Structure formats: C-alpha cells, structure tokens
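Taken in sequence, the protein lines are chains A and B.
Note that the numbering used here gives residue 1163 to position 409 of the first sequence, counting from 1, and the numbers run on in steps of one.
Note that the numbering used here gives residue 888 to position 134 of the second sequence, counting from 1, and the numbers run on in steps of one.
Where is the CB? At the ideal position from N, CA and C, for every residue including glycine.
These numbers were taken from a predicted model, which means no experiment stands behind them.
Number of protein chains: 2
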Amino acid sequence: MNKSEFRIQNSESSLGPGPKGFRAAGVAAGIKATGGLDLGALMCDGPTVAAGVTTRNLFASAPVLVCRERLAKRGPIRGVIVNSGCSNACMGAAGLRDAHEMTRLAERAAGTQQGEFLVASTGVIGRPLPMEKIRAATPRLMESLRPDGWEDFARSIMTTDLVPKISRRSFQVDGADFVVMGVAKGSGMIHPNMGTMLAFVATDFPIFYRHAASALLRSVVHRTFNCTTVDGDTSTSDTVILLAKGGARKGFGGGSEGGKIFKAALLEVATDLSKAIARDGEGATKLVTVEVEGATAEIKARIVAHSIARSNLVKTALFGNDPNWGRICCAAGYAGVAFDTNEFSLKLQGKEVMRHGMPTGFDARTLSAALKSPEVLLQAKIGSGKGAACVWTCDLTYDYVKINAEYTT
Amino acid sequence: MNKSEFRIQNSESSLGPGPKGFRAAGVAAGIKATGGLDLGALMCDGPTVAAGVTTRNLFASAPVLVCRERLAKRGPIRGVIVNSGCSNACMGAAGLRDAHEMTRLAERAAGTQQGEFLVASTGVIGRPLPMEKIRAATPRLMESLRPDGWEDFARSIMTTDLVPKISRRSFQVDGADFVVMGVAKGSGMIHPNMGTMLAFVATDFPIFYRHAASALLRSVVHRTFNCTTVDGDTSTSDTVILLAKGGARKGFGGGSEGGKIFKAALLEVATDLSKAIARDGEGATKLVTVEVEGATAEIKARIVAHSIARSNLVKTALFGNDPNWGRICCAAGYAGVAFDTNEFSLKLQGKEVMRHGMPTGFDARTLSAALKSPEVLLQAKIGSGKGAACVWTCDLTYDYVKINAEYTT
C-alpha cells in the first residue's frame, strides 16, 4: 500500500484524485424538503466489470430488484444513478416502472445503451418517487459529472447522515498506479445482512473476470459492511456496488499478486466506510468496536459479537459511560452459541473486567472515565478456539429516539 | 371462569383472597439503596407440586442453577425466597454458595427440611449478594408471611418496575372453589427465551402429577411470558415458578375437565402478567400488541411478530405516534421467514395501511391521532396459512435510554 487516505469530515483538505476514467456528481433535484443535494451519479468513460451485493430483506426495494436483474444479465455497466429522500420500496409495479425510468433518464443523458446504468434509492419507505423532479434534474446531473465530483456524489446520497463518507486508497501493481475509491451512506436502519445501506466503490484496476470481481466483493463485504450494526434493522435498500474500469486485455484473475494488492486496498476502503457508518449512526456519540475471539468457528464469534453489538442495554450503558460489563456477558450468553462461561473473559478499553467467568474487580470510576471516549473497544474471549470476529456499532442515545420518533410525520 | 380480577395499579381496592394454604410477604432488607421492599417470600402450608421454567442464557444466575437442581430432584417444595437489587449472576462458586445459603436461611426460619425452598434474585449483574443483610432480615421476613401478603411480595421483587404486577383468577371444578394467583416483575432486559424475568404463580388446585404441572407451565409460558419483549435482551435471571398445593389424593391429570379449567385460568393469569410487563417496559408510554397471521406454521408467525416487536425503528416510530408502516414491513421482511410480499397486508389500530403488498393510501394525520393511545395494535397477515402468533411489547423512548444509561453508575 503506497498511500492511504481517509476522510469522513467535511473539510476542504485534499482527497487524492479518483480512479482514472470515472466521473461523479450530485445535484439538488428538490426531492429532499431541505433543498440539499439528493440526486447523484457515478459513471465510467467505458464499460466496467461490475459486481453488487444487495439486501436479503424480502421487501427489497425496486432499485435493488433492477440492480439484481442487470447484474445477472452480465451486460456492460457504465454507471449508477442514485437518489436520496425516497427509497422507492414497497411500491409494487409502479416502483419498478419508476426505477427503470430513472436508469433510462441517465442512459439517455449519458448517451449509453439501454440497460447500462444501475440505480439506487434511499429514504422513506412506501412513497412514490417524485418522477417529474427526477426527469427535470437528470440532464443537469449528467452534465455536471466531473472527475473530482466525488464529494458532491457522497453528499447527494445522504439521508440522516451527518457527514459524507468517502475513502480512497492508491496502490501500485507492476509499476503502474491504481486507485480504489468509495462512498457510502447510512446512519439508521443499519444491520448487516449482505450489503448494508448504499456504498459505491470504483477502481481503475483492470479486473478482467466478472466472477472474480463478484467473489472479491462478497468476501470484502462479509468482513466490512456486514460487520456493522446501528440498530439491528436491515434496510430494504441495502446495496454495495463495485465498478472496475474494463477494457484491459488481461488483469486481475483470482489469486494473482496484483489481485491481492487490489483486494487489500478494497478491504481498507470498505473498512473505512463501514466504520464511518457506525460512527455516524443515528444519534451516536461514539464508535464501538466489539472483538470476539476463542470461538470454535468464525461464524460463532460473529454471532456473539453481533449479539453484544445489538444489545440496547449494552449500547445505552456505553452512552452513559457505564462499565456495566454484566450486560455484555448477558448479551453473549443469549447469543445462541454454546461456550463454557467459566472460560469467558472480557476487556473494556483494554482493562480486564472478567477473567474465566469471574469479575476481576476494577475501579468503576476510572473505567467510566476511560469509556468517555469517541472510540470504545470491547474484547471478549469465549474459549480457546481460533474463530474470531469484529463488529462495529455505536451507542444508543436520546438522539436516536428523537431522530426516529420524528422521522416521517 | 367465574370471576376474573386483574390489578397492576397501586390501589387499595380489593384483590380477592389468594389460594388457600399460601402465605406471602415482602420486607426491606437494605439491599436496595432506596430502602424499599427488597426481600420477599411465598410459602405453602404443606408440600407443593412445583414446576419451573428458567432462562436459556448461558450466564444463568446462581439462583437459576439452584432452582433447576431442586426441581430436577423432584423433592417436595414448600416455597421460594426472592431478593431484588442484586441478581447474583456471574459470581461463580461464591454466587452458588450465597444462593444456597439464602434457601437455608428461609428453610431454617420456616422450619422445613433442607432443599424445600427455591430461590430467585434480580438486579445488577456481577455484584455479590449482601449476605449479612439477608441473614439479618430473613427471620423477620418469614415471620411476616400472611395470606394477604401478596402485594408486599410483588413489591419486594420490583427493580425498575413502576407498578407491582399481580393477577388472580378464581374458578370452580366439581363444585369446589379454587384460585390461581401470580406476581411478576420485569421492565428491562426483557426478551423471551424460556421464562422471561421473575414470575411466581400459586394455586390451591390439586395438581397431582409433577410432569403434568411442568408440561402445563411450559405450554402457558410459551404463549405468554415468551411472547413479551421490551428490549430484546434475555436476562440471566429469567424464572417462572408454579407452586400447586399438594396433599390431594387425586387431582388434575393431563386432559381432565378440571385440568382444562385450571389451565385456562393459569393462561389468563400469565397473560395478564405478561402484558403488565410489556406495559411497564422501561420508559414505555404504551403497550403494543403485534398479531401476525397467515403463516404456514405458528413458529413462523412468532418469528415475524418478534422481529416487528423487537425493531427499534418500529418502537421509536410508535413513541412518536408516527404511522411509519414501511418500518413494519421492513422488520417483517428481514425476520428470516419466507413469505410472498405480494400477499402482505397490515393494519394499524384496525386501519388497513397495506393490502397485498401495496400501500392503501390513508390519512396520516388521522392515523397518527389514533396511535396516541396507551394501547396500540399492529396486525400483519403474511399469507393464507393457519399459523398465527401474538407478541406484546412497548415503545422505545427517551426514558428507556435515560434509565439504562444511568443504571449502575
């Protein structure tokens, strides 16, 4: 990895250039009542090798259905058009018609063939897309696509997010420079079950095989977006799209050296974005990392980590800087994974509070002070196996309740 | 059912007499910092037929382990001693020693054989029981046992509960009068997985067979306490105990007519207590009933109902009187149960908001006004099967966060 950059703050500091051949944009189409950016696009100058991972929610939104259909057809993909403010979910045939029309509007303005754009929508469920506004704004959106338009794109997909989420890594393979860059949105209705919320990642690294891109994306999503939870609610719109610039004669094939370097960069970008989503969880005051080790299998460690990360009691205690480790044991104990509680050990902020199933005795005041931090680390050891997992979440606060009690009405 | 009474409010109105032969009490032992009642007991004049259902949490508390052991031994059970303010969970061998000593203190004061008392504790996890206080207070507790001591007993087991929870039903079998009476506590860390929180039910109906009492209790718990969720957190202390006065030459055996009448009364008492727990959920402003029908099996309906009832987004929307039905669809859609979303219909407060997977169109203002109620009913139909289930929960409010961010420190 030659260079690594990560930005989630809204600053004018320099984020390096995006992957060669890609342009991005975001405009205000009037979908959001606030008048903010709400229609975005990401496009490649030529065909890409595309891969996607979408929600497992039965009420998958219309844009999710369109993405699945187009990715399954394996035709060339040139880009994606996205709106915020309305998720176009639970709208039946009308929703599908609108999602298809959104892609056609983008394709027409971009001069591509039909079927070459993907689409995503995020916002309130069960309301029709305001198509007149989208029809009116799409030509302007596509005209404003620029190589440095990534921040506008990131802003245009935000809903309750407080900050745009962008991550970039550059790397070298065989002396040539490449970039992988991604944006994500997500703040509430965040719980992994395949993709979590929207993320779009582009690279100029020439992935040749579609199935390799797809396998690689799934592997990375499993370790990143699917390790993020804000409130345990799996959205109807979850979508992660990877667009790799095509046109290469040969490129990354399976386990090549270049492919490994690319995968490492993609993993870092996806990790950045996943942590940014947890950190920016609705109402959150802190990023919480839950590490579980010693399980007899990775999946068991994941289940225990998710159980802890999803517990409202753990999350409210962390909001209150309360070293209430009993709640963490409790959440591990009901996870549904068998382990010997006499082997259970737990650390909060590096301080061991439980060893082999018994409290160690610690100064609650000192530990509470240590929890007053924007980043909190919980580490549980449930046995002597090799299975380990890490999940990112946030605390549960008054503001989560406020945001979600006042969202639509 | 001749007569049905239910009281959760603290009023001096008359609750009918308890089951014959049972006495109850609650005293202040100084375990709670507030000085409130915190040590209670329920005792029968003779041996009982006892049944119990306890938590599936791996970190089952020491009292839970003692109850399991004694119920498995099938010796005569005379009563139960309970404290609030400290759960005696995650305390290893010392916790087990303390739980055993609590039973011996009660047995000695009551003059029963060793092993004839059950024990339960509820409160903070991971702190030692203050045994000196319990030693000092138990003789006084046992002396104060009275046939009309049920309310003191109900108060002595409260933690964050705002109201004591008592329910009573009287019924006749073959011309004789019987009573089933129960108390429960529970407000946070409430999510079903076998027993949920503490509940103690006594009856003077002569159940003869222990296995019949046990099967009957499990069946009722499955439909009542296990249908209650406040925050998705399954406690380490969950215990439901049924004590049926013994001494009968013959009594309820399996499917006898009297047994059926008793079971109906027990089901009503357990339903009352379960709804009382949900209504008194930490910070709750309303009782929420989630009914799911049309599933191909009861377990599938239960899973969908629990998924809706556990969703933080649904629960915060209800707190805000927000008819945000999309969140209910979303929670049903990620429950992990396959159904045809085109068959999904949903009613809020009796108003159909979604029919066959499409919004019906409704006046949000009117529906929001209807949601401003201390009881809210959500009814989902997920197909045309015969599987149905009902789950009780509450809304998620600022006060839930406040209570749980400030609990131990």
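- Here Phe776(B) has Cys798, Ala956 as same chain residues with Cβ atoms under 6 Å from its own Cβ, once five neighbours each way along the sequence are excluded.
- Within the region 1031-1063 of chain A, not one residue has a Cβ closer than 7 Å to any Cβ of chain B.
- Shown in chain order are the members of the region 1121-1153 of chain A whose Cβ falls below 8 Å from a Cβ of chain B: Ser1122, Leu1150, Thr1151, Tyr1152.
- Trp904(A) has its alpha-carbon roughly 47 Å from the corresponding atom of Ile1053(B).
- For Ala1063(A), the uninterrupted alpha helix (DSSP H) segment begins and ends at 1052-1064.
- Secondary structure of Ala969(A) (DSSP, three-state): helix.
- The residues Gln1133, Cys1144, in chain order, have a CB closer than 6 Å to that of Glu1045(A) in the same chain once the five nearest residues on each side in sequence are set aside.
- Burial check for Ser875(A): the Cβ neighbour count within 10 Å reaches 16 or more, so the residue is buried.
- The beta carbons of His1110(A) and Phe1098(A) sit closer together than 9 Å.
- Note on Pro918(B): 16 or more other CB atoms within 10 angstroms of its CB, so buried under the neighbour-count rule.
- For the region 953-982 of chain B, there are no residues whose beta carbon sits under 9 Å from a beta carbon of chain A.
- With respect to the 9 Å criterion, Ile888(A) and Ser838(A) are not classified as neighbours on the basis of their beta carbons.
- Put simply, the CB of Asn1158(A) is near chain B, with a gap under 9 Å to one of its CB atoms.
- For chain A, the residues of the region 1085-1109 of chain B that bring a beta carbon within less than 9 Å of one of its beta carbons are Ala1085, Ala1086, Gly1087, Tyr1088, Ala1089, Gly1090, Val1091, Ala1092, Phe1093, Asp1094, Thr1095, Asn1096, Phe1098, Val1107, Met1108, in chain order.
- Pairing Thr788(A) with Thr983(A) gives a Cβ-Cβ distance that is not under 9 Å.
- The contact set of Val1155(A) on chain B, defined by CB atoms closer than 8 Å, consists of Thr1070, Phe1073, Leu1150, Thr1151, Tyr1152, Tyr1154, Val1155 in chain order.
- Cβ atoms of Ala953(B) and Val994(B) come within 8 Å of each other, at about 5 Å.
- Exposure of Ala1118(A) is indicated by the presence of fewer than 16 other C-beta atoms within 10 angstroms of its C-beta.
- Under the three-state reduction of DSSP output, Pro882(B) falls in the coil class, being neither helix nor strand.
- In this structure, Gly794(B) lies near Ile911(B), with their beta-carbon atoms less than 9 Å apart.
- In the DSSP annotation of this structure, the continuous segment of the beta strand (DSSP E) that includes Met797(B) starts and ends at 793-808.
- The beta-carbon distance between Ala778(A) and Pro817(A), rounded to whole angstroms, is 18 Å. This is too long to meet the 8 Å contact definition.
- Counting every other CB atom within 10 Å of its CB across the protein chains shown gives Pro1077(B) a total of 16 or more, marking it as buried.
- The residue from Val836(B), Val1155(B), Ala938(B) with its alpha-carbon nearest to that of Val781(B) is Val836(B).
- Using a Cβ distance threshold of 9 Å, Ala864(B) and Met896(B) count as a contacting pair.
- Interface flag for Ala787(A) against chain B is unset, since no Cβ pair is found closer than 9 Å.
- By DSSP's assignment, Phe871(A) forms a beta bridge with Gly833(A).
- Between the region 928-937 of chain A and the region 814-830 of chain A, the count of Cβ pairs shorter than 8 Å is below three; the stretches do not touch.
- Bridge partners of Ile995(A) according to DSSP: Gly806(A), Phe954(A).
- By the neighbour-count criterion, in which a residue is buried when 16 or more other Cβ atoms sit within 10 angstroms of its Cβ, Lys1126(B) is exposed.
- Looking at Asn1075(B), Gly1087(B), Lys774(B), Lys1040(B), the one whose alpha-carbon comes closest to that of Ile1136(B) is Gly1087(B).
- The CB of Ala826(A) never comes closer than 8 Å to any CB in chain B; the least such distance is about 20 Å.
- Among the bridge pairs identified by DSSP, Trp1146(B) is matched with Thr982(B), Thr1043(B).
- Contacts between Phe813(B) and chain A, judged by CB atoms closer than 7 Å, involve Cys1083, Cys1084, Gly1087, Thr1095 in chain order.
- Between Thr802(A) and Ala998(A), the C-beta spacing is below 9 Å.
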